[in-house]
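Trainee:
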Amino acid sequence: MAPIEAVATLFCGAVAAYALAWSLLHITQGRDEPPMLLTTVPFVSPILGMIQWSKDFYVHMREQHRDLPIYTLRIPGVRIYAINSLDLIPAVQRQWRKLIFAPIQVKAAKAAMGASKEALAIMERDLVTEQGFMSGMVKATHPTMSSGPALDALSSRAFEVFDKALSQLSTPTTVNMYDWIGRLVMQATTEAIYGPSNPMRDRRNLEAWSKFHPALMYIMLDVLPQSLFFGEAVRARGDLVKAFKEYYSEGSYKQGSAYIQKFTKHCISQDIPEDDIPRLLVGTVFNNVANTIPTAFWVIYRIFSDPDTLEECRREVKQAVRPGANDKTSASVLDLGLVLNSCPTLLSTYHEVFRFHGMANSVRVVHEDCTLQGSDSSGPTYHLRKGGLVMMSARAQHSNPDAWGPDVDEFRHDRFLKQQGRPRPNPVAFRGFGGGTTLCPGRRFATGEILLLAAMLLLRFDVHPADGEWVDPATEKSSQAEAVEQPDDDIEIVLAPRHEVAGKTWCVESSGRRDAEFLVQM
Numbered sequence: 001m002a003p004i005e006a007v008a009t010l011f012c013g014a015v016a017a018y019a020l021a022w023s024l025l026h027i028t029q030g031r032d033e034p035p036m037l038l039t040t041v042p043f044v045s046p047i048l049g050m051i052q053w054s055k056d057f058y059v060h061m062r063e064q065h066r067d068l069p070i071y072t073l074r075i076p077g078v079r080i081y082a083i084n085s086l087d088l089i090p091a092v093q094r095q096w097r098k099l100i101f102a103p104i105q106v107k108a109a110k111a112a113m114g115a116s117k118e119a120l121a122i123m124e125r126d127l128v129t130e131q132g133f134m135s136g137m138v139k140a141t142h143p144t145m146s147s148g149p150a151l152d153a154l155s156s157r158a159f160e161v162f163d164k165a166l167s168q169l170s171t172p173t174t175v176n177m178y179d180w181i182g183r184l185v186m187q188a189t190t191e192a193i194y195g196p197s198n199p200m201r202d203r204r205n206l207e208a209w210s211k212f213h214p215a216l217m218y219i220m221l222d223v224l225p226q227s228l229f230f231g232e233a234v235r236a237r238g239d240l241v242k243a244f245k246e247y248y249s250e251g252s253y254k255q256g257s258a259y260i261q262k263f264t265k266h267c268i269s270q271d272i273p274e275d276d277i278p279r280l281l282v283g284t285v286f287n288n289v290a291n292t293i294p295t296a297f298w299v300i301y302r303i304f305s306d307p308d309t310l311e312e313c314r315r316e317v318k319q320a321v322r323p324g325a326n327d328k329t330s331a332s333v334l335d336l337g338l339v340l341n342s343c344p345t346l347l348s349t350y351h352e353v354f355r356f357h358g359m360a361n362s363v364r365v366v367h368e369d370c371t372l373q374g375s376d377s378s379g380p381t382y383h384l385r386k387g388g389l390v391m392m393s394a395r396a397q398h399s400n401p402d403a404w405g406p407d408v409d410e411f412r413h414d415r416f417l418k419q420q421g422r423p424r425p426n427p428v429a430f431r432g433f434g435g436g437t438t439l440c441p442g443r444r445f446a447t448g449e450i451l452l453l454a455a456m457l458l459l460r461f462d463v464h465p466a467d468g469e470w471v472d473p474a475t476e477k478s479s480q481a482e483a484v485e486q487p488d489d490d491i492e493i494v495l496a497p498r499h500e501v502a503g504k505t506w507c508v509e510s511s512g513r514r515d516a517e518f519l520v521q522m
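Per UniProt numbering, the sequence shown starts with residue 1, numbered consecutively.
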């Protein structure tokens with residue numbers, strides 16, 4: 001065949017393939033579904049857009065198509081229904097039996113944790129009611145992290161770890177900020193969750209985690225052969241599974257937190273195979289530390305890098321401290337209840353971190369065909385087809401000037417304060433911990449833990465950059481496996497003990513309510 005004929009044949013083949021893909025795309029798209037976007041190269045253009053815009057893809061799409069409350073993206077094998085309009089988010093959350101999260105959790109157990117077919121079959125048995133594994137797990141574990149003695153025990157143990165680490169810094173100490181906070185939060189969280197036999201005390205398991213965790217996002221996609229492309233991460237996961245197998249088989253979970261006891265007992269009661277329970281326990285490490293670490297970093301960074309924020313937060317936190325029974329010999333008491341309920345600037349800064357640095361995507365699977373309509377009954381109705389994915393991007397909502405005002409691109413530590421003449425933010429627009437039935441179950445523990453660490457640093461240390469000037473870290477390399485940005489480069493800081501509290505000892509108590517998350521409870 002002559003070269004010209006070969007080129008012509010290839011060209012005709014490409015045209016025919018394009019025509020077929022274009023026809024398939026439009027024939028299989030219902031007129032009552034949300035309008036399709038990015039169809040120039042059928043099934044491929046959305047993927048190219050996601051690669052180009054990365055974590056800002058849905059922000060870009062909202063800006064380009066502000067007139068669309070919801071739209072459809074077609075990629076091979078799945079429809080994505082992406083929501084722009086705040087008005088449609090409550091409509092999604094109300095249909096929690098038809099638009100469900102459980103299939104995403106099952107996929108994570110399969111791809112990320114390597115669960116067996118037997119375990120996956122149990123998880124898939126009933127994805128909606130509390131008799132099923134997933135919803136039953138929610139019922140079993142959520143009370144242990146929502147309030148009461150179980151939550152107080154978690155916070156107290158985390159405080160003990162923080163206090164011990166900070167007490168060892170008796171002279172000015174230079175550390176890499178993200179690394180130091182990460183190691184400290186990992187230790188505090190896992191000690192509180194897993195108890196005296198915490199597998200993550202072992203340096204080898206921490207090293208295994210450092211190899212497994214960075215690859216988790218790519219492993220979750222479940223596209224490439226894991227052993228071939230992510231061999232080191234898969235081997236590290238195997239090492240973690242071995243460590244948690246010992247933790248489980250020796251019954252060490254029985255001395256752990258109420259949360260981990262209920263988690264493990266639910267797995268047993270649902271007949272999850274014994275070899276799979278340690279795999280699911282490894283997953284609890286990610287659930288409890290992955291987002292807490294970067295959030296703690298940004299809260300502390302935002303407090304100490306701005307003099308006004310620092311001054312006001314320190315003033316508030318000082319008011320949450322009371323002397324012990326004997327002023328001279330007793331420990332000073334940091335009241336977590338007061339920190340959570342009476343430190344408005346600290347809490348506002350905390351929420352603004354989620355708004356400004358959050359990048360979570362709340363996803364639901366269309367379990368059965370359904371319709372979606374906003375609060376206006378005369379408005380359009382959209383048909384969602386079974387098997388599709390509903391995508392609610394936190395980043396798209398958090399950067400929407402219609403919800404947050406013209407200064408949406410600025411970090412404002414006082415944005416969530418009650419201010420005369422300034423409207424309160426729409427709770428639906430805040431997606432820091434998700435929403436609806438999938439609101440993060442560990443949010444109260446994470447909130448208390450992060451604010452405890454911030455409060456102790458405010459009371460006990462001056463924190464400043466080693467080179468004398470705070471820099472605003474870039475976040476372009478952030479892993480999208482997390483719901484919060486991570487800095488591309490670490491910051492070297494100096495932790496200098498404050499003279500006025502030298503020699504003091506500390507303890508933590510909680511005087512009452514934990515309703516600080518006035519938005520994340522919505």
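Where a beta carbon is used, it is the ideal one built from N, C-alpha and C, also for glycine.
1) Which class does Thr189 belong to by DSSP, given the choice of helix, strand or coil?
2) Let me make sure I understand the geometry here. Which of Ala258, Leu48, Gly358 and Ser227 has the alpha-carbon closest to that of Val140?
3) Which residues does DSSP list as the beta-bridge partners of Phe354?
4) Does DSSP put Met177 in a helix, a strand or coil?
5) Under the assumption that Val366 contacts Lys98 (Cβ atoms under 8 Å), give the Cβ distance between them as a whole number of angstroms.
6) Could you check what DSSP says for Arg66 in three-state terms: helix, strand or coil?
7) Rounded to the nearest angstrom, what separates Thr39 and Tyr81 at their Cα positions?
8) What I want to know is whether the C-beta of Glu160 ends up closer than 7 Å to one or more non-hydrogen atoms of the ligand PLP.
9) May I have the straight-line CA-CA distance separating Ser13 from Leu25, to the nearest angstrom?
10) For the beta strand (DSSP E) that Pro497 lies in, which residues bound it at each end?
11) Ile491: which of Leu340, Ser378, Tyr301 and Glu482 sits nearest, CA to CA?
12) Relative to the alpha-carbon of Leu340, which residue among Pro323, Met359, Val428 and Gln319 has its alpha-carbon at the smallest distance?
13) How many Å lie between Glu476 and Asp488 at the Cα?
14) Which value, in whole angstroms, describes the spacing of the CA atoms of Tyr382 and Ala115?
15) Can you tell which of Leu453, Phe461, Gln187 and Val494 has the C-alpha that lies nearest to the C-alpha of Glu469?
16) For Val463, write down the residues that DSSP places opposite it in a beta bridge.
17) Just reading off the alpha helix (DSSP H) that Ala82 is part of, what are its end residues?
18) Cutting at 6 Å between CB atoms, please list the residues of its own chain near Trp298, excluding the five before and the five after it.
19) Quick check: the Cα distance between Arg31 and Ile75, rounded to an integer number of angstroms?
20) What span of residues does the beta strand (DSSP E) with Cys507 cover, start to end?
21) Give the single residue among Leu169, Ser23, His351 and Lys504 whose Cα lies nearest to the Cα of Gly432.
22) Touch check for the region 308-318 and the region 270-287: three-plus C-beta pairs under 8 Å?
23) Can you check which of these residues, Trp96, Gln95, Arg94 and Ala119, is closest to Val106 by C-alpha distance?
24) Please go through the same chain and pick out, in chain order, the residues whose beta-carbon is closer than 8 Å to the beta-carbon of Leu310, but skip the five residues on each side of it.
25) Runs of 4 residues minimum, wholly inside the region 375-434: which ones carry the alpha helix (DSSP H) assignment?
26) Using the Cα positions of Leu166 and Ala454, report the straight-line distance between them to the nearest angstrom.
27) May I ask you to list the residues that DSSP assigns as paired with Gln168?
28) Please report the straight-line C-alpha distance between Ala394 and Val508, rounded to a whole angstrom.
29) Please confirm whether Pro214 and Ser377 have their CB atoms less than 8 Å apart.
30) Check whether the Cβ atoms of Ser362 and Gly435 sit closer than 8 Å, and answer yes or no.
Mentor: The short version:
1) helix
2) Strictly speaking, residue 140 in this sequence is Ala, with Val absent from that position. The shortest C-alpha separation from Ala140 is found at Ala258.
3) Answer by DSSP bridge pairing: none, since Phe354 is not bridged.
4) helix
5) 7 Å
6) coil
7) 14 Å
8) Within the structure as shown, the ligand PLP is missing, as the structure has no ligands at all.
9) Reading the sequence as shown, one finds Gly at residue 13 and not Ser. Looking at the two C-alpha atoms, the distance is approximately 18 Å.
10) Glu492 to Pro497
11) Tyr301
12) Gln319
13) 7 Å
14) 36 Å
15) Val494
16) Leu495
17) Where Ala82 is concerned, there is no enclosing alpha helix (DSSP H), although the beta strand (DSSP E) it sits in stretches over Val78 to Ile83.
18) Val353 and His357
19) 18 Å
20) Trp506 to Glu509
21) His351
22) no
23) Ala119
24) Ile303, Phe304 and Leu458
25) 394-398 and 401-404
26) 12 Å
27) The partner list for Gln168 (beta bridge, DSSP) is empty, contrary to what the question assumes.
28) 33 Å
29) no
30) yes
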